[in-house]
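The structure appears below as structure tokens.
Number of protein chains: 2
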Amino acid sequence: MKEFLKTKGFKMTPQRELIFRSFFELDEHVSVDELYDRVRQQDNSIGYATVWRNLKLICKVGLAEEVNIGDGITRYDRITKVPHGHLFCTVCKGVTEINVEQLVGLLAQAANSRGFTPDSFKIEVQGVCDGCHGKVEGNGQ
Amino acid sequence: MKEFLKTKGFKMTPQRELIFRSFFELDEHVSVDELYDRVRQQDNSIGYATVWRNLKLICKVGLAEEVNIGDGITRYDRITKVPHGHLFCTVCKGVTEINVEQLVGLLAQAANSRGFTPDSFKIEVQGVCDGCHGKVEGNGQ
DNA sequence: TCGCCAAATGAAAACGATTTTCATTTTCAA
DNA sequence: TTGAAAATGAAAATCGTTTTCATTTGGCGA
Ligand SMILES: [Mn+2]
Ligand SMILES: [Mn+2]
Ligand SMILES: [Zn+2]
Ligand SMILES: [Zn+2]
Numbered sequence: 028m029k030e031f032l033k034t035k036g037f038k039m040t041p042q043r044e045l046i047f048r049s050f051f052e053l054d055e056h057v058s059v060d061e062l063y064d065r066v067r068q069q070d071n072s073i074g075y076a077t078v079w080r081n082l083k084l085i086c087k088v089g090l091a092e093e094v095n096i097g098d099g100i101t102r103y104d105r106i107t108k109v110p111h112g113h114l115f116c117t118v119c120k121g122v123t124e125i126n127v128e129q130l131v132g133l134l135a136q137a138a139n140s141r142g143f144t145p146d147s148f149k150i151e152v153q154g155v156c157d158g159c160h161g162k163v164e165g166n167g168q
Numbered sequence: 028m029k030e031f032l033k034t035k036g037f038k039m040t041p042q043r044e045l046i047f048r049s050f051f052e053l054d055e056h057v058s059v060d061e062l063y064d065r066v067r068q069q070d071n072s073i074g075y076a077t078v079w080r081n082l083k084l085i086c087k088v089g090l091a092e093e094v095n096i097g098d099g100i101t102r103y104d105r106i107t108k109v110p111h112g113h114l115f116c117t118v119c120k121g122v123t124e125i126n127v128e129q130l131v132g133l134l135a136q137a138a139n140s141r142g143f144t145p146d147s148f149k150i151e152v153q154g155v156c157d158g159c160h161g162k163v164e165g166n167g168q
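See the structure below:
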């Protein structure tokens, strides 16, 4: 990691190391707040801005990307080899990933046929996840 | 429209009428600011909050929905009979709609097979639109 | 190893879109 | 016509994000 960053022109610091490690360990769709809380458990002197800047950095060097599910909170998602979509449960707020290779192919085709050159795709489904059926709002009884 | 709102328990006002009419006339993916500017041309005494509240109302009564493309600005999009996706041009910020009926079918299938019950779908493609090829950043020549 | 300088950090302030508050006005059913 | 509930406009509050600034630190070259 240190070497990788060096090639990109960035330095390694204890804070950065902890933030990077925590981010990839968690392996979730994490917000700044969540990662901030997490790293604070290891080093409570780390500043919020540092966590924010390092999440931005992880994106800049191509290891993650921002995800907006529409609740106004930016989450950070590691980039996977194959593109994936998200199933967002409106009950438990959980995020599940689904393969969308085929879909993206069709989408790209549709876009191209209209003279549009795609850069990236966002495929998200809102609904209720398996575990949340039965405990839906109204009265879960 | 007045009747429709009455059945939902809301009153009609001159401001509301202007805002609703402007929104559906424009028929675009409009932000609060944009619609505010627009209605101001007809009645410059209308407040920003009123425009905001009425866009929210249009959503609440099921005639539109919020769209977040990731630039931090909420846009409002009338709801169409068939679901549609968006091609978002990162150069001119233009939004084009594409049919995604087929895609949504596949998506729903994939979601269901994982025990997930879909409510709504968000399908967005970022890239460069037809008109913006050639005037890309860097130096368009 | 030492010293330098660009990069990184932490605290605080600034930002900006969204949302709420509050006093006043308006709608509309009775 | 009248009163209660809803709507409005201006201003302030919110809140996640981003920037500023003084200080510290990493790491290369001497
Ligand atoms: Mn993901
Ligand atoms: Mn649309
Ligand atoms: Zn769930
Ligand atoms: Zn364009």
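From first to last, the protein sequence lines are chains A and B. Residues in the first sequence are numbered from 28 upward in steps of one, following my numbering. Residues in the second sequence are numbered from 28 upward in steps of one, following my numbering. We put the beta carbon where it would ideally sit given N, CA and C, even for glycine.
### Task
Spatial neighbours of E128 (chain A) within its chain, please: CB distance less than 6 Å, with the 5 preceding and 5 following residues excluded, ordered by chain position.
By 1-based counting over the first sequence, the position of residue 128 (chain A) is 101. By the criterion of a C-beta distance shorter than 6 Å, E128 (chain A) is surrounded in its chain by V109, once the five residues flanking it on both sides are discounted.
#### Entry: Identity of the residue in B:L130, B:R105, B:D98, B:T107 nearest T117 (chain B) by Cα
Counted from its first residue, the second sequence places residue 117 (chain B) at position 90. Minimum Cα distance to T117 (chain B) is reached at B:D98.
### Query
Would you report the Cα separation of H111 (chain B) and K83 (chain A), rounded to the nearest angstrom?
Translated into positions along the second sequence, residue 111 (chain B) becomes position 84. Translated into positions along the first sequence, residue 83 (chain A) becomes position 56. Looking at the two C-alpha atoms, the distance is approximately 31 Å.
### Query
Is the beta carbon of D70 (chain B) less than 9 Å from the beta carbon of L45 (chain B)?
For the purposes of this step, residue 70 (chain B) is taken as residue 43 along the second sequence, with counting starting at 1. For the purposes of this step, residue 45 (chain B) is taken as residue 18 along the second sequence, with counting starting at 1. Yes; because the gap between Cβ atoms is below 9 Å, this pair is in contact.
### Boundaries of the beta strand (DSSP E) in which G132 (chain A) is found, first to last residue
The sequence position of residue 132 (chain A) within the first sequence is 105, counting from 1. Where G132 (chain A) is concerned, there is no enclosing beta strand (DSSP E), although the alpha helix (DSSP H) it sits in stretches over 128–139.
### Message
Using a Cβ-Cβ distance cut-off of 9 Å, determine whether G142 (chain A) contacts chain B.
### Response
As a first step, residue 142 (chain A) must be located in the first sequence, where it is residue number 115. It does: the Cβ of G142 (chain A) has a partner Cβ on chain B nearer than 9 Å.
### Query
Quick one: does the C-beta of C159 (chain A) sit closer than 8 Å to a heavy atom of ligand 3?
Here residue 159 (chain A) is taken as the residue at index 132 of the first sequence, counted from 1. Because some heavy atom of ligand 3 lies under 8 Å away, the Cβ of C159 (chain A) counts as near it: yes.
### Message
Please state whether the Cβ-Cβ distance between E155 (chain B) and R102 (chain B) is less than 9 Å.
### Response
Stepping through the second sequence from its first residue, residue 155 (chain B) is reached at position 128. Stepping through the second sequence from its first residue, residue 102 (chain B) is reached at position 75. It should be pointed out that residue 155 (chain B) corresponds to Val in this sequence rather than to Glu. No; because the gap between Cβ atoms is not below 9 Å, this pair is not in contact.
### Task
My understanding is that K149 (chain B) touches K149 (chain A), with C-beta atoms under 8 Å, so please give their C-beta distance in whole angstroms.
Here the question's residue 149 (chain B) lines up with position 122 in the second sequence. Here the question's residue 149 (chain A) lines up with position 122 in the first sequence. Sure, about 7 Å apart at Cβ, within 8 Å.
### Query
Since F148 (chain B) meets chain A, which of its residues come closer than 7 Å, beta carbon to beta carbon?
Position 121 of the second sequence, counted from the first residue, corresponds to residue 148 (chain B). Here the neighbours are V152.
### Message
Below 8 Å on C-beta distance, what does D157 (chain B) contact in chain A?
### Response
Counting from one through the second sequence, the residue named residue 157 (chain B) turns up at place 130. Residues of chain A passing the Cβ test: R141, G142, F143.
#### Entry: Beta-carbon proximity list for G167 (chain A), same chain, < 8 Å, skipping 5 on both sides
Position 140 of the first sequence holds residue 167 (chain A). Note on G167 (chain A): pLDDT 35, under 50, position unreliable in the model; no value is reported.
### Query
Between the stretch 137–146 of chain B and the stretch 122–142 of chain A, do at least 3 Cβ pairs fall closer than 8 Å?
Yes: at least three Cβ pairs fall under 8 Å.
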